[in-house]
Each structure stands twice: as structure tokens, then as C-alpha cells.
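Asks:
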Amino acid sequence: MEGNKIYSSTLADIYLQQGYVEKAIEIYKELVKRKPENALYRKRLMILKKEIKEHGRRPPLSDIIKKQLW
Numbered sequence: 018m019e020g021n022k023i024y025s026s027t028l029a030d031i032y033l034q035q036g037y038v039e040k041a042i043e044i045y046k047e048l049v050k051r052k053p054e055n056a057l058y059r060k061r062l063m064i065l066k067k068e069i070k071e072h073g074r075r076p077p078l079s080d081i082i083k084k085q086l087w
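In this note's numbering, the protein residues as written are 18 to 87.
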């Protein structure tokens, strides 16, 4: 994801709500790359990666929301 693409936590959250977990992860990876000091970006990326590892490619969205990540 490079070029003229937009990278924001809001867009990542929208992707996540729509079930596009991989796209949300890509955005958070880029946000962490650009702002490694941002603990919130690192936390969200870590949690999403963990959810995918535990539940496969599409973690249950309801479970993610219930954990109140954001």
C-alpha cells in the first residue's frame, strides 16, 4: 500500500467493521511504520494479528468489538 493511498486509523476501523481485517492490518502496519512511537497503533495491530492467528483469516467481528479495542 503505497503511493497516494490514505492511511488513517479511521479508515482501518471502517475496513474492520466491514470485515476487511487484512486491509485494516495493512493500514495499521503502515501507520506503525510511519509513527513507531504511537502506542495505540502498535496495540491495535498486535490485537488484530493475534485475532487472526487464533481465529483464522477472519476473526469474529463481534468478538473484536466486545473486547472494546477502540
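Just so it is clear, CB atoms sit at the ideal spot from N, CA and C, and this is done for glycine as well.
(1) Does the distance between the C-beta of K50 and the nearest non-hydrogen atom of the ligand GTP fall short of 8 angstroms?
(2) So the alpha helix (DSSP H) K66 belongs to, where does it begin and stop?
(3) Give the secondary structure of Q35 by DSSP, where H, G and I count as helix, E and B as strand, and everything else as coil.
(4) When the Cα of K66 is compared with those of L33, N21 and S25, which residue comes out closest?
(5) What do you get for A56, buried or exposed, if any count of 16 or more other CB atoms within 10 angstroms of its CB means buried?
(6) Quick one: is R51 buried, meaning 16 or more other Cβ sit within 10 Å of its Cβ, or exposed?
(7) By the three-class DSSP mapping on this structure, what secondary structure does K22 have?
Replies: This is what the structure gives:
(1) Looking at this structure, you won't find the ligand GTP or any other ligand, since it has none at all.
(2) Annotation for K66: the continuous alpha helix (DSSP H) segment containing it runs A56 to H72.
(3) coil
(4) L33
(5) Label assigned to A56: exposed.
(6) R51 sits exposed, since fewer than 16 C-beta atoms from the chains shown fall within 10 Å of its C-beta.
(7) Coil at K22, not helix or strand.
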